[in-house]
Amino acid sequence: MPGPGSQWIGREEIREVMDVMESGYLFRYGSLDDPRFKHKVYTLEKEFAEYCGARHALATSSGSGALICALKAIGIGPGDEVIVPAYTFIASFSSIIHAGGVPVLAEIDESLTIDPADIERRLTRRTKAIMPVHMLGNACDMDAVMGLAQKHGLPVLEDACQANGGSYKGRKLGTIGRIGAFSLNIFKTVTAGDGGIVVTDDDELYTGAFQFHDQGHSPLRAGVEVGRRSVLGMNFRMNEVTGAVALAQLRKMPRIIATLRGKKKKFKEAIADLPGVAFRRLNDPAGDCATLLTVLFESAEKAARVSGRLGTATLDHSGWHVYSNMEHLSRYLKDQGRPHGRGAFPRTDGILSRAVNLSVGVVDAGLGAAFGLHIDSSEEEIEQKAAAFKKACAD
Ligand SMILES: Cc1ncc(COP(=O)(O)O)c(C=O)c1O
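Residue numbers (the numbering used here): 5 to 399.
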C-alpha cells in the first residue's frame, strides 16, 4: 500500500491504457494525423504544464532521470558543486554525481527541509546550483532560498519528487526555481509505476533537458535529425503506456490531495492536544500535499519509545532518506574527503532523531511511515489510529 495514487488505480487508467494497447502504437513520438498514435505522453506534458502553471513539461522515465536532465540543462559538469539537503532520497545526491557534479550537503531545519542559513555557509566559488528538496509533501522556505540564489546568481533546481501537487504561496512547487523535477514512482502522490516530469518556464532549459533526455534530439523530434544534434544525451524517454497511466492519475490529483487534506486535518486534530508533542513546521500549510503527518517530540528518547510501540522508526533510522544511512553515499563522500557518517550534520541528526512520520496517504517504511492512515481510511480508522498513537505516547 505505497502511495495514494496507486490506491486509486481504476477504470480511468484501464481506459487510457487500453486506448494505447488497442492502437498497438507504444512510442511517444508519432504523427498527430495518424489515428493509431494516441499521443498520451504529449497530452500528459501539456496537461501537467497547465496544472503547474509552467510553460513547459517534459515527461521522463523516472524522477531520477528528470533530475539528471534538469542538471544537464542548467549546465552542471565536472567539479561543479550543487548544494542539497542532508535529508533526502539517494537520487538527489546520485543525480548530481552522475551529471558530473559534486553534491555539497547542508543541514535541514525544523521544517525538515534545507536550512537556508546553512546554504549560505556552504557556498564556495565552485557552487553552480542550489537543489532544495520539498520533503514529505511540503515546501522548503522558498522565499529565503530564492533570495540567496538571486544574491549569488545561482540557478535553483527544485526536487519536487515527494511533493507533486504541493504549492508555496499560491505557486505550484517545481515552478518557483528555474527548473523542477517530479517522480511518478509508486510511493508518490500520483504514479505510473515509474516515471518523472521536468517543468520549466525557460525555453533554453526545456530544450536542453529535452535534448539530454533523448540522445540530443530537439523538442518533439520531428523525424530524423542526423547532422543537427548538438549535445550527447541519453534515453530517459517515457513510453505511451506509462503516459496513459500518468495522464489518468494526473486528472485525479486534485481529488487525491483534497481527500488527504481532509483526513490529515481530522488525524491532526485528534492528537494535537498531547503534551510534549509538536508538529513539523510547514513553510506554507495551505500548500501541503498532506501525504504525511510528522510529529516532533521533545526528546529522542521519547520519539524512540513511541515509534517502537507503534512498530515504526524515528526518521534518523528511516534508511532510505538519511545521509548517514546510505553506505554508498558515505563511501563517495569519504573518498572526496567530505563530511560523512553520523555526526557530520549534527542539527539534521538531532531533528531526525526526534521526528516520527505518521502516514496519511504515503505508506512507506523507508520513510519511517509504517504506521497511520491511507487514502481510503474510514472515520472509524482515523479515530482508532489516533487512539493508538495517544496510547503509545503515554509514559
Ligand atoms: C526526493 C526524491 N528525489 C528523487 C527521487 C527519485 O525518483 P524516482 O524513484 O522516480 O527515480 C525520489 C524518489 O523516491 C525522491 O523521493
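Glycine residues also receive a C-beta, built at the ideal position from the N, C-alpha and C atoms.
Would you say residue i reaches chain D, if we count a Cβ-Cβ gap shorter than 8 Å as a contact?
i   : result
E20 : Judged by its chain identifiers, the structure shown contains no chain D, having just a single protein chain.
Using only the alpha-carbon positions, how far apart do residue i and residue j sit?
i    : j    : result
L371 : Q166 : 11 Å
K268 : S171 : 17 Å
S222 : Y210 : 10 Å
S66  : D399 : 44 Å
V400 : I18  : Nothing in the structure corresponds to residue 400, since the chain is present only between 5 and 399.
R232 : T298 : 50 Å
T316 : D84  : 38 Å
G323 : C293 : 23 Å
A359 : G280 : 12 Å
D119 : A148 : 9 Å
G237 : I80  : 14 Å
I94  : D37  : 42 Å
I87  : M135 : 6 Å
K155 : T179 : 19 Å
G376 : E383 : 13 Å
M242 : V45  : 7 Å
G191 : G199 : The residue asked about is misnamed: residue 191 is Phe in this sequence, not Gly. Their backbone Cα atoms lie some 12 Å apart in a straight line.
R125 : K132 : 15 Å
L177 : E273 : 26 Å
L264 : E20  : 25 Å
M330 : T92  : 11 Å
W12  : H43  : 23 Å
Which partner residues of residue i appear in the DSSP bridge assignment?
i    : result
Y172 : R175
Y91  : V326
A185 : D163, V202
E85  : V106, T131
V366 : In the DSSP output, where bridge partners are listed per residue, V366 has none listed.
A373 : D368
V360 : V299
D339 : Answer by DSSP bridge pairing: none, since D339 is not bridged.
D353 : For D353, which the question treats as bridged, DSSP gives no partner whatsoever.
D218 : N239
Along the chain, which unbroken stretches of the alpha helix (DSSP H) at least 4 residues long are found entirely within the stretch 239 to 326? 244 to 275, 304 to 314
Would you call the stretch 331 to 343 in contact with the stretch 285 to 294, where contact means no fewer than 3 C-beta pairs closer than 8 Å? no
Are the stretch 337 to 348 and the stretch 303 to 311 in contact at 8 Å, needing three or more beta carbon pairs? no
What residue ranges within the stretch 18 to 82 form continuous alpha helix (DSSP H) runs of no fewer than 4 residues, ordered along the chain? 44 to 56, 67 to 77
Quick one: which unbroken beta strand (DSSP E) runs of 3-plus residues sit fully inside the stretch 103 to 158? Chain order, please. 106 to 110, 131 to 134
Specify whether the stretch 54 to 65 and the stretch 174 to 189 touch according to this definition: at least 3 beta carbon pairs, one from each stretch, less than 8 Å apart. yes
Stretch pair the stretch 95 to 108 + the stretch 256 to 275: three plus CB contacts closer than 8 Å: no
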